[in-house]
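The structure appears below as structure tokens.
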Amino acid sequence: MATRKVAKKKPKKPTKSKKEAPKMKMVTVYIMGEAYKVPEEATIMGAIEYAGHQIKRGAGCREGFCGACATVYRLPGDYKIYSGLACTTLVEDGMWLSQLPAIPAHKPVYDIDKLKPDVTTFQKLYPEVFRCIACNTCTKACPQDLEVMDYIQAAIRGDIEQVMDLSFDCLCCGLCAIRCPSEIVQFNIGLLAKRLYGKYLSIKGKQLEKRIKEIKKHKYDKEFKELMKMKKELLKKKYYERDIE
Ligand code: FES
1103 MATRKVAKKK
1113 PKKPTKSKKE
1123 APKMKMVTVY
1133 IMGEAYKVPE
1143 EATIMGAIEY
1153 AGHQIKRGAG
1163 CREGFCGACA
1173 TVYRLPGDYK
1183 IYSGLACTTL
1193 VEDGMWLSQL
1203 PAIPAHKPVY
1213 DIDKLKPDVT
1223 TFQKLYPEVF
1233 RCIACNTCTK
1243 ACPQDLEVMD
1253 YIQAAIRGDI
1263 EQVMDLSFDC
1273 LCCGLCAIRC
1283 PSEIVQFNIG
1293 LLAKRLYGKY
1303 LSIKGKQLEK
1313 RIKEIKKHKY
1323 DKEFKELMKM
1333 KKELLKKKYY
1343 ERDIE
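Numbering-wise (this note's numbering), the sequence shown opens with residue 1103 and increments by one.
Put into structure tokens, the structure is as follows:
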């Protein structure tokens, strides 16, 4: 077999003036059962990508807002199962990780126009809510620190406004539902309460109704078209310079 001759380069002497880059501290995490060394300052999502995996499902905003990146993990010498968002939770040495890119959840189809904003709607669509044993596991699992059990109790009382209020910042990551021993899908109940509140109980904004009518009559079509064609930077500028009432 022919071999190509490669000119040997003299090794360069290290120059004294060059400062050595500080070494990154690494920790070991287990991804799908395999050990990887990753930087200790990485988030779980960053660690998975550092280890060479491409995340196709289970990532969205990457900033703790969309709830797409639910993760469960264990730590060495600890019997507990922990949960969190992969994009905001930092790795720890010996962490054993499992991603949950989609949580199978009970979600009945309903027509909001035919529902009543009271307890009968929960009785009909989510009867399992009345099996709540008030163990608070859902609250402990919530990466948003929401009082999940409290809003489930409010649903049992038919207090739509309180369910809406307490579940307002829910990301629908599903971690509450996977831990619930009564198999309640808390985040969908919160979603239903928000819809009921918006449709039947909230004070209607006259200005909003007027604007919706105008949109339906195509009053802003020309402006919408211009926005759609606009370059991203200009669009950003316009957005930040907008009038806020
Ligand atoms: S990717 Fe959106 S919350 Fe983590």
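Idealized CB from N, CA, C, for every residue including glycine. Fair warning: this is a prediction, and the values are worked out from it, not measured in the lab.
Item	Value
Extent of the continuous alpha helix (DSSP H) run through ARG1281	1277–1281
Heavy atom of ligand 1 within 7 angstroms of ALA1204 beta-carbon	no
Limits of the beta strand (DSSP E) - the one that TYR1175 falls within	1172–1176
LEU1273 Cβ short of 7 angstroms to ligand 1 heavy atom set	yes
Sufficient close CB pairs (3 or more, under 8 angstroms) joining the region 1211–1230 to the region 1297–1304	yes
Close Cβ partners of LEU1187 (< 6 angstroms) along its chain, the five nearest in sequence each way excluded	GLY1166, CYS1171 and PRO1245
Best match in LYS1127, LYS1334 and ILE1317 for proximity to ASP1195 [C-alpha to C-alpha]	LYS1127
8 angstroms contact criterion, which THR1173 and SER1200 should meet: CB distance rounded	7 angstroms
VAL1221 - containing alpha helix (DSSP H), residue span	1221–1227
Distance between beta carbons of LEU1227 and PRO1368, contact taken as under 8 angstroms	This structure leaves residue 1368 out entirely; the chain is present only between 1103 and 1347.
Contacts around ILE1332, its chain only, beta-carbon distance under 7 angstroms, and the 5 residues preceding and following it disregarded	Looking at the sequence itself, residue 1332 is Met, so the reference to Ile does not match. Here the set comprises nothing.
Through-space distance from ILE1254 to TYR1175, alpha-carbon basis	26 angstroms
Spatially closest choice to PRO1141 from LEU1192, LYS1242, ILE1157 and LEU1298, by CA coordinates	LEU1192
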